[in-house]
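Heads up: the structure comes next, in structure tokens.
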Amino acid sequence: MRTIGLCVVALALLVTGARAEPQTPARKPPAAKSQPKLTDAQLEAAIRAKFAKSKIHEDKFTVRVQGGVAHIEGKTDVIQHKGVATRMARTAGAVMVDNRVQISQAAKDKAAGNLEQGRRRVQVKRGDTRSDERPPK
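So for the sequence shown, full-length UniProt numbering puts the first residue at 1; every next one is plus one.
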């Protein structure tokens, strides 16, 4: 009886041991970005260098970096330059960008005119003249 009990226990251990999942090593936390952290002065210089190599250098934006946050100020006549400045600061390593670039009224008016002209082109292509008279169905 005793040997049967030991056999049952041994068999139970074998069965549960076979089903036990192998231990996996603990996961390592994701590696930090490979770029070393820049000081504020280095980051500011990197952003200014990126601006100097692009068309937005003509806008002469002012750049300040404090605590990894880039503060950009100035005025532009090209709407896209505001977004470009933000993207360049982020790719240079800024943690966050405070973009206070102002777009001139002339640029806003030009964009609104282009938008309206684009709508007219689409309407003509579709055959819709946006008139009050609708053809009968």
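Ideal placement from N, C-alpha and C gives every residue a C-beta, glycine not left out.
DSSP places Gly83 in the uninterrupted alpha helix (DSSP H) bounded by 79-92. By the CB criterion at 8 Å, Asp77 and Ala106 fall inside the cutoff. For Arg64, the pairing in a beta bridge is given by DSSP as His71.
Here His57 is not near Arg64, since their CB atoms are 8 Å or more apart. Our two residues, Val95 and Val69, have alpha carbons roughly 6 Å apart in a direct line. Counting every other CB atom within 10 Å of its CB across the protein chains shown gives Glu116 a total below 16, marking it as exposed.
Between Ala111 and Asn99, the C-beta gap is not smaller than 8 Å, which leaves the two residues out of contact. By the CB criterion at 8 Å, Glu73 and Thr62 fall inside the cutoff.
In terms of Cβ geometry, Asp59 and His81 form a close pair [threshold 8 Å]. A distance below 8 Å between beta-carbons, with the five flanking residues on each side excluded, links Gln66 to the following residues of its chain, in chain order: Asp40.
Counting the other CB atoms within 10 Å of its CB gives Ala52 a total below 16, which places it among the exposed residues. Of the candidates Gly93, Ser104, Asn114, the residue whose Cα lies closest to the Cα of Lys37 is Gly93. When the Cα atoms are used, Ala49 and Ile103 turn out to be separated by approximately 22 Å.
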